[in-house]
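*Asks:*
Residue numbers (our numbering): 96 to 314.
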């Protein structure tokens with residue numbers, strides 16, 4: 096309403112010299128999920144008393160009489176992004192740790208599993224998911240990759256497939272539009288390529304075709 100000022104929903108998230116990146120997503124009309132970075136201290140991520148390095152659920156978010164948030168996942172590094180696969184309502188989370196970058200899955204039953212790890216730390220960022228295929232932006236290597244899972248078992252069917260290399264530079268965010276196309280947004284200025292590359296919002300597959308559910312879809 097006119098004259099309103101922003102009000103806090105979640106406070107006390109630690110801030111450090113690094114590892115502060117987080118993300119937000121609504122997994123239902125009444126459930127807000129917050130990803131927090133570890134503030135550069137992995138110990139905080141594993142401390143149940145700290146809000147750092149967590150995936151946190153807030154039910155019925157409100158500024159009056161808010162129910163206590165719950166922790167869905169601990170031990171997170173610097174935040175990358177989150178996305179939901181509408182096919183099975185699984186939540187996918189990317190993060191960056193000293194040991195490597197990760198893509199994790201939280202099923203509708205609340206069980207968390209690691210889907211894929213990147214020991215070379217290419218800089219996982221935003222993601223988009225549909226029908227068992229998860230697209231992940233890798234900022235450092237200027238790539239978008241497709242990670243595919245078998246519908247029956249949830250097992251990864253092969254190495255991540257590169258579906259974008261270098262085009263538009265360092266991309267972070269990913270989003271699925273209502274028509275099924277994928278859009279990305281770049282962070283070239285913060286990634287160090289501002290002199291050569293503008294920051295843009297762009298279609299990942301400008302030729303059309305929508306979400307690449309299988310290798311055949313990209314042929």
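No residue lacks a Cβ here, since even glycine has one placed at the ideal position from N, Cα and C.
Keep in mind it's a predicted model, so treat the numbers as computed, not measured.
How would you call residue 260, buried or exposed, if buried means at least 16 neighbouring beta carbons within 10 angstroms?
*Replies:* Walking along the chain shown from the start, residue 260 turns up at place 165. Under this definition residue 260 is an exposed residue.
*Asks:* Taking 6 Å as the limit between beta carbons, can you name the residues of its chain near residue 212, skipping five residues before and five after?
*Replies:* Within the chain shown, numbered from 1, the residue matching residue 212 stands at position 117. Excluding sequence positions up to five before and after residue 212, its CB lies within less than 6 Å of the CB of 195 and 197, all in the same chain and listed in chain order.
*Asks:* Within 10 angstroms of its Cβ, does residue 227 collect 16 or more other Cβ (buried), or is it exposed?
*Replies:* Stepping through the chain shown from its first residue, residue 227 is reached at position 132. That one is buried.
*Asks:* To the nearest whole angstrom, what separates the beta carbons of residue 221 and residue 173, a pair I think is in contact under 8 Å?
*Replies:* Translated into the one-based positions of the chain shown, residue 221 becomes position 126. Translated into the one-based positions of the chain shown, residue 173 becomes position 78. Contact flag wrong, Cβ pair sits at about 13 Å.
*Asks:* If you draw a straight line from the C-alpha of residue 157 to the C-alpha of residue 126, how long is it?
*Replies:* Within the chain shown, the letter at position 62 stands for residue 157. Within the chain shown, the letter at position 31 stands for residue 126. Residue 157 and residue 126: Cα-Cα distance of roughly 11 Å.
*Asks:* In whole angstroms, what separates the C-alpha of residue 269 from that of residue 225?
*Replies:* Residue 269 sits at position 174 when you count from the first residue of the chain shown. Residue 225 sits at position 130 when you count from the first residue of the chain shown. Taking the straight line from one Cα to the other gives about 12 Å.
*Asks:* Kindly identify the DSSP beta-bridge partner or partners of residue 267.
*Replies:* As a first step, residue 267 is located in the chain shown; it is residue number 172 there, counting from the start. Note: residue 267 sits in no beta bridge, so no partner.
*Asks:* Against chain C, with Cβ distances strictly below 8 Å, would residue 208 count as a contact?
*Replies:* Protein chain content of the structure displayed is limited to a single chain, and chain C is not contained in it.
*Asks:* If we count the other Cβ atoms within 10 Å of its Cβ and call it buried at 16 or more, is residue 104 buried or exposed?
*Replies:* As a position in the chain shown, residue 104 is number 9, starting the count at 1. With fewer than 16 Cβ atoms within 10 Å of its Cβ, residue 104 is classed as exposed.
*Asks:* Residue range of the alpha helix (DSSP H) that residue 139 falls in?
*Replies:* Taking the first residue of the chain shown as 1, we reach residue 139 at position 44. Its alpha helix (DSSP H) spans residues 137–140.
*Asks:* What ranges does the beta strand (DSSP E) occupy inside the region 202–281, keeping only unbroken runs of at least 3 residues that lie completely in it?
*Replies:* 207–213, 219–225, 228–233, 238–243, 256–260, 266–271 and 277–281
*Asks:* Just grab the DSSP bridge partners of residue 196 for me.
*Replies:* The sequence position of residue 196 within the chain shown is 101, counting from 1. Paired residue(s): 191 and 213.
*Asks:* What did DSSP end up calling residue 126 once you bin it into helix, strand or coil?
*Replies:* Sequence index remark: in the chain shown, residue 126 carries index 31 (1-based). Residue 126 falls in the strand class under three-state DSSP.
*Asks:* Run the CB neighbour count on residue 219, radius 10 Å, all protein chains shown included, and call it buried at 16 or more, exposed below.
*Replies:* Residue numbering aside, residue 219 sits at position 124 when the chain shown is read from its first letter. Residue 219 is classed as buried because its beta carbon has at least 16 other beta carbons within 10 Å across all chains shown.
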